[in-house]
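Shown next, in structure tokens, is the structure this report addresses.
Protein chains in written order, with this note's numbering: chain A, 7 to 54; chain B, 6 to 209.
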């Protein structure tokens, strides 16, 4: 996802937080298998 | 970490499945789903402020089905124009509306009618008259070009195969120097073709 934003001209693209959002759900095992995490992503549009 | 889009994916089926699931979340959030919902989850696992959530209508917070917390990235300033892409029942949208105040605007966009109804009703219940809920999807936003200070979105981009198109739309509506504050999921490894074609994984 970072790459998609960077390729679209966004700057300061960064993941700022991570969350184990599938813990305790029926998809927890699948999430662990594929390394799925909730994240916060921050970016800025250039040209200010 | 990256999300790779599959080739020849049945996008129409994915869209219908997403609408079906989130209509059910809107209508019966206490039902059985493979993801967490509600304000207690948002507070305990994602760091939302419990007092702020308690001040919102239960019809809004009970249908919350997020995976992160875009509000934790940076404060949303008074007077800003914010767009929430895929606003759902409106929890993040109404939190943003409180932060921008009457001098700002909070525009929610969602493709699921049941969710839009909840968000609009919640805004009215809270007296947030600067909230505007619109029908649309992330790849064709009903928002003017270069008119927005901050785009928030929560758990939406991962559901969209055409991610480049969605991000281009975000770039189009943002003013120069505008910010993106997104909560979403990422995958830590490259998926095989079978996994990429599995709608249950996409909607999960």
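Heads up, the beta-carbon is just placed ideally off N, CA and C, and yes, glycines get one too.
Please report how far the alpha carbon of residue i lies from the alpha carbon of residue j, in whole angstroms.
i: residue 9 of chain B; j: residue 158 of chain B; result: With a pLDDT of only 41 at residue 9 of chain B, under the threshold of 50, the placement of this residue in the model should not be trusted, and no figure is reported.
i: residue 176 of chain B; j: residue 24 of chain A; result: 24 Å
i: residue 190 of chain B; j: residue 46 of chain B; result: 16 Å
i: residue 17 of chain A; j: residue 9 of chain A; result: 11 Å
i: residue 106 of chain B; j: residue 133 of chain B; result: 8 Å
i: residue 57 of chain B; j: residue 95 of chain B; result: 13 Å
i: residue 155 of chain B; j: residue 44 of chain A; result: 20 Å
i: residue 24 of chain B; j: residue 115 of chain B; result: 10 Å
i: residue 101 of chain B; j: residue 17 of chain B; result: 31 Å
i: residue 139 of chain B; j: residue 29 of chain A; result: 33 Å
i: residue 14 of chain A; j: residue 173 of chain B; result: 6 Å
i: residue 117 of chain B; j: residue 92 of chain B; result: 10 Å
i: residue 150 of chain B; j: residue 103 of chain B; result: 24 Å
i: residue 88 of chain B; j: residue 60 of chain B; result: 21 Å
i: residue 4 of chain A; j: residue 141 of chain B; result: Look at the range of chain A in this structure, 7 to 54, and you will see that residue 4 of chain A is not part of it.
i: residue 162 of chain B; j: residue 108 of chain B; result: 29 Å
i: residue 48 of chain B; j: residue 98 of chain B; result: 17 Å
i: residue 7 of chain B; j: residue 7 of chain A; result: Here the model assigns residue 7 of chain B a pLDDT of 36, short of 50, so the residue's position is not dependable, and the following value carries that caveat. Distance between the alpha carbons of residue 7 of chain B and residue 7 of chain A: 5 Å.
i: residue 12 of chain B; j: residue 63 of chain B; result: With a pLDDT of 46 at residue 12 of chain B, under the threshold of 50, the modelled position of that residue is not reliable, and the figure given next carries that caveat. Using only the alpha carbons, I get a separation of about 40 Å.
i: residue 52 of chain A; j: residue 71 of chain B; result: 28 Å
i: residue 123 of chain B; j: residue 35 of chain A; result: 32 Å
i: residue 54 of chain B; j: residue 76 of chain B; result: 10 Å
i: residue 145 of chain B; j: residue 171 of chain B; result: 8 Å
i: residue 125 of chain B; j: residue 143 of chain B; result: 19 Å
i: residue 32 of chain A; j: residue 186 of chain B; result: 28 Å
Would you say residue i reaches chain E, if we count a Cβ-Cβ gap shorter than 8 Å as a contact?
i: residue 186 of chain B; result: Of the protein chains in this structure, namely A and B, none is chain E.
DSSP on residue i, reduced to helix/strand/coil?
i: residue 181 of chain B; result: strand
i: residue 153 of chain B; result: strand
i: residue 11 of chain A; result: helix
i: residue 115 of chain B; result: strand
i: residue 81 of chain B; result: coil
i: residue 171 of chain B; result: helix
i: residue 8 of chain B; result: Caution applies to residue 8 of chain B, whose pLDDT of 38 falls short of 50 and renders its modelled position unreliable; the model cannot decide the point.
i: residue 135 of chain B; result: coil
i: residue 26 of chain A; result: coil
i: residue 25 of chain B; result: helix
i: residue 55 of chain B; result: helix
i: residue 87 of chain B; result: strand
i: residue 221 of chain B; result: This structure gives no information on residue 221 of chain B, because the portion of chain B shown stretches from 6 to 209.
i: residue 63 of chain A; result: A question about residue 63 of chain A goes unanswered here, because the residues of chain A that appear run from 7 up to 54.
i: residue 42 of chain B; result: coil
i: residue 188 of chain B; result: strand
i: residue 105 of chain B; result: helix
i: residue 48 of chain B; result: helix
i: residue 146 of chain B; result: coil
Along chain A, in chain order, which residues have C-beta atoms closer than 7 Å to that of residue i?
i: residue 88 of chain B; result: Within 7 Å Cβ-Cβ: nothing; residue 88 of chain B doesn't reach chain A, min ~13 Å.
i: residue 162 of chain B; result: 7
If the cut is a Cβ gap below 8 Å, which residues of chain A does residue i touch?
i: residue 181 of chain B; result: 51, 52, 53, 54
i: residue 95 of chain B; result: Per Cβ cutoff of 8 Å: no residues; residue 95 of chain B is ~19 Å from chain A at best.
i: residue 193 of chain B; result: 40, 41, 42, 43
Using the beta-carbon of each residue, which ones in chain A are nearer than 9 Å to residue i?
i: residue 189 of chain B; result: 7, 44, 45, 46, 47
At least three beta-carbon pairs within less than 8 Å, the region 167–181 of chain B to the region 35–48 of chain A: no
Residues of the region 133–144 of chain B with Cβ closer than 7 Å to any Cβ of chain A, in chain order: none
Residues of the region 40–54 of chain A whose Cβ lies closer than 8 Å to any Cβ of chain B, in chain order: 40, 41, 42, 43, 44, 45, 46, 47, 48, 49, 50, 51, 52, 53, 54
Within 7 Å of chain A by C-beta, residues of the region 164–177 of chain B in sequence order: For chain A, the residues of the region 164–177 of chain B that bring a beta carbon within less than 7 Å of one of its beta carbons are 168, 169, 172, 173, 176, in chain order.
Contact residues within the region 39–54 of chain B, judged by C-beta distance below 7 Å to chain A: 39, 40, 41, 50, 51
Residues of the region 51–78 of chain B whose Cβ lies closer than 7 Å to any Cβ of chain A, in chain order: 51, 72, 73, 74, 75, 77, 78
Selection of the region 108–135 of chain B by Cβ proximity to chain A, strictly under 8 Å: none
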